[in-house]
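Chains as they are written, first to last, in the working numbering: chain B, 59 to 404; chain E, 59 to 404.
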């Protein structure tokens with residue numbers, strides 16, 4: 059099969075052997091797969107991820123020098139069932155799955171595993187019990203948004219927002235946009251969203267933000283305080299670069315709850331005394347539960363969540379390297395979909 | 059009056075004019091006042107506190123070069139009522155008060171205000187509405203513990219512990235000991251407590267810890283996990299030095315809630331990615347509410363809280379400078395009381 063492969067810290071297009079489904083596994087054809095910001099980070103930090111895993115007493119999934127096919131936001135079509143499968147779905151059915159594959163050696167993260175290729179290749183293996191059928195009413199491109207939008211839903215759930223809370227979303231990349239959509243779904247308001255990019259601010263409005271702020275012109279936290287009235291501040295940090303937490307600590311009002319969704323891969327510096335003096339709370343979040351993943355797919359199907367405005371481009375496997383470069387520019391794109399069975403650059 | 063004064067970043071004993079009560083104020087005689095670790099920090103960092111205040115858009119209470127009488131853990135006796143006071147209590151009554159004085163210019167922190175002396179001097183001014191009468195059944199020395207033990211009660215309340223939670227207290231100085239007592243009061247168990255000092259571990263047991271750990275011999279977090287069984291980990295960070303938060307991030311199990319009670323006055327470094335991957339939560343806490351302060355005094359009076367084992371020494375104003383030095387050694391002392399009307403060194 060053809061795939062966009064991470065090799066020697068670069069993305070290259072090459073042929074790989076077709077995967078063969080083993081016990082409990084299903085071979086699927088990748089119909090479309092979103093490019094995630096984490097993949098850009100991972101390309102730069104693969105060695106460091108191993109270090110961090112080791113620091114936590116976990117071995118990294120694989121040799122960081124091995125070929126790896128990323129891509130974990132996919133919608134796929136069932137091609138073939140492996141042995142010992144229940145086959146309640148049919149060949150040809152479209153499916154989503156949490157990007158985790160259960161195998162005798164453990165649980166592999168599909169898209170970050172050298173053993174199991176992710177959605178930037180034509181074919182993947184998935185675990186049969188993880189498959190969720192995609193309704194005929196839901197376009198493939200919308201189904202690929204299940205994963206990134208589940209991240210937003212999870213973050214909002216962990217934030218445990220009440221009607222007395224006023225949220226501020228810092229950063230309107232795909233993560234921030236997913237948070238905005240989940241906040242809208244929950245009916246919390248007003249939703250204030252902040253981004254330096256005019257394109258992203260416009261997208262934030264489309265996804266459900268009531269107020270958008272350009273932090274170059276107006277401090278986001280000041281605007282939140284103004285809009286919140288007597289409601290409590292809840293900040294969703296969706297940027298994930300060093301300095302963001304300290305910036306929140308400096309400017310957040312007393313008792314602010316901060317939900318840290320943006321993944322900062324570098325060391326960061328904070329002044330605990332300021333956080334103490336304001337009694338701030340930080341909830342770091344990651345991923346979603348299986349229930350939240352399924353709920354997101356259902357909400358997308360029913361139309362209560364709509365992520366399609368986020369999709370800004372479609373490419374083939376040969377376009378992945380270029381997309382990684384383009385996504386470094388915050389104004390250029392939000393969510394780019396890889397459709398591995400065709401050619402196409404951004 | 060005589061007082062131990064912070065002057066030129068040192069503690070000196072000197073005479074100061076007796077304070078005169080104005081509208082709503084009460085002149086009190088300090089019977090005893092605990093030495094707080096924050097005072098040691100403050101002596102080293104007074105200039106820095108001003109910087110931090112300015113960073114948050116607040117002006118420091120006063121010129122850091124002015125004379126300042128610290129001491130905010132006091133029990134005092136009413137000497138004289140100022141004008142416009144209700145006088146529901148009587149001259150000679152013993153009282154506690156949150157260390158805050160309401161005056162026309164705002165709210166002054168008693169013990170950290172150059173304008174209003176704290177409990178390391180013979181006399182103080184307090185706000186009449188803040189006074190709580192100390193019952194005849196409660197010894198003065200126990201009443202001085204209202205303030206530090208309210209800090210523990212507040213931290214435990216903010217931790218919102220359930221019977222399914224298992225707490226670990228890192229650091230068994232007075233803050234950690236107050237947390238242990240408050241956990242015991244709430245009936246949470248098992249309480250695991252960790253400190254390098256054998257003296258402090260022994261005190262931790264006396265105050266209510268079920269299990270004490272010497273982190274030089276056994277990682278505290280591993281012991282917590284062992285003792286907790288299926289309960290959720292809640293860590294009370296009561297050390298407050300750089301590196302503690304990162305240490306917790308590295309070793310805490312998934313979903314741990316961390317209550318940050320120790321006041322780290324320096325910049326600190328963390329790896330957010332690790333906190334994210336474990337979905338850790340941090341609640342920074344400070345002080346207590348007026349209700350919690352009154353509740354602590356009530357619990358001390360009724361005997362459901364007992365802090366007296368913490369008291370390890372008594373000094374006069376002339377002993378404060380030496381006590382500050384001695385308290386730098388974790389093994390030497392827990393809570394030292396200043397009794398300003400007498401002489402006495404540690």
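Glycine is no exception: its CB is placed at the ideal position from the N, C-alpha and C atoms.
Sort E:291, E:327 and E:288 by Cα distance to residue 302 of chain E and report the nearest one.
E:327
Residues that residue 322 of chain E contacts on chain D, provided the C-beta gap is smaller than 9 angstroms
Absent here is chain D; the protein component of the structure consists of chains B and E.
Under the assumption that residue 59 of chain E contacts residue 179 of chain E (Cβ atoms under 8 angstroms), give the Cβ distance between them as a whole number of angstroms.
6 angstroms
Sorted by chain position, which residues of the same chain lie with C-beta nearer than 7 angstroms to residue 214 of chain B's C-beta, five sequence neighbours on each side aside?
237, 240, 241 and 244
Spatial neighbours of residue 340 of chain E within its chain, please: CB distance less than 7 angstroms, with the 5 preceding and 5 following residues excluded, ordered by chain position.
316 and 318
Inter-stretch contact (C-beta, 8 angstroms, three-pair minimum) for the region 373-386 of chain B and the region 60-70 of chain E:
no
Would you verify that the beta carbon of residue 118 of chain E is, or is not, closer than 9 angstroms to some beta carbon of chain B?
Caution applies to residue 118 of chain E, whose pLDDT of 49 falls short of 50 and renders its modelled position unreliable; the model cannot decide the point.
Residue 134 of chain B vs residue 87 of chain B beta-carbon contact at 9 angstroms:
yes
Where residue 325 of chain E meets chain B, residues with beta-carbon distance less than 7 angstroms:
327 and 329
For residue 335 of chain E, name the three-state secondary structure that DSSP assigns.
helix
Looking at the unbroken beta strand (DSSP E) that takes in residue 71 of chain B, where does it start and where does it end?
68-73
Going by DSSP, what residues sit across from residue 201 of chain B in a beta bridge?
The partner list for residue 201 of chain B (beta bridge, DSSP) is empty, contrary to what the question assumes.
Residues of chain E with CB closer than 8 angstroms to the CB of residue 339 of chain B, please, in chain order.
339, 340, 341 and 342
For residue 184 of chain B, which residues in chain E fall below 7 angstroms Cβ to Cβ?
The premise fails here: residue 184 of chain B is roughly 23 angstroms from chain E at the closest Cβ pair, so nothing lies under 7 angstroms.
Option in B:325, B:285 and B:75 with minimal Cα separation from residue 330 of chain E
B:325
How would you list, in chain order, the residues of chain E whose beta-carbon sits under 9 angstroms from the beta-carbon of residue 318 of chain B?
330, 333 and 334
Within 10 Å of its beta-carbon, does residue 68 of chain B have 16 or more other beta-carbons around it, so buried, or fewer, so exposed?
exposed
Going along the region 300-317 of chain E in order, which residues come within less than 8 angstroms of chain B, judged by CB to CB distance?
303 and 308
Host alpha helix (DSSP H) of residue 42 of chain B (start-end)
Outside the shown range of chain B, which is 59 to 404, sits residue 42 of chain B, and nothing can be said about it.
Near residue 174 of chain E, what residues of its chain come up, given a Cβ to Cβ distance below 6 angstroms and the 5 sequence neighbours on each side ignored?
159, 166, 168 and 183
Do you know how far the Cα of residue 288 of chain E is from the Cα of residue 171 of chain E?
47 angstroms
Which residues bound the alpha helix (DSSP H) around residue 379 of chain B?
378-384
Spatially closest choice to residue 192 of chain B from B:94, B:359, B:376 and B:379, by CA coordinates:
B:359
Between residue 89 of chain E and residue 198 of chain E, is the Cβ-Cβ spacing less than 9 angstroms?
yes
Tell me whether residue 347 of chain B is buried or exposed, calling it buried when 16 or more other Cβ atoms sit within 10 Å of its Cβ.
exposed
Excluding five sequence neighbours on each side, which residues of the same chain lie with their C-beta closer than 7 angstroms to the C-beta of residue 363 of chain E?
207, 239, 243, 354 and 357
Among B:295, B:85, B:293 and B:266, whose alpha-carbon lies nearest the alpha-carbon of residue 136 of chain B?
B:85
Quickly, what does DSSP pair residue 83 of chain B with across the bridge? List them, please.
B:185
Cβ-based neighbour list, residue 98 of chain B, same chain, cut-off 8 angstroms, excluding 5 preceding and 5 following:
382, 385 and 386
I need the DSSP call for residue 402 of chain E, collapsed to helix, strand or coil.
coil
Taking only runs that begin and end inside the region 224-279 of chain B, name each unbroken alpha helix (DSSP H) of 4 or more residues, in chain order.
232-244 and 256-265
Cβ of residue 365 of chain E within 9 angstroms of Cβ of residue 394 of chain E?
no
Sort E:338, E:336 and E:320 by Cα distance to residue 344 of chain E and report the nearest one.
E:320
Residue 267 of chain E and residue 254 of chain E - do their beta-carbons sit closer together than 9 angstroms?
no
Beta-bridge pairing of residue 341 of chain E - partner residues as DSSP gives them
B:339 and E:317
Who are the Cβ neighbours of residue 125 of chain E in its own chain at under 6 angstroms, not counting the five residues just before and after it?
63 and 65
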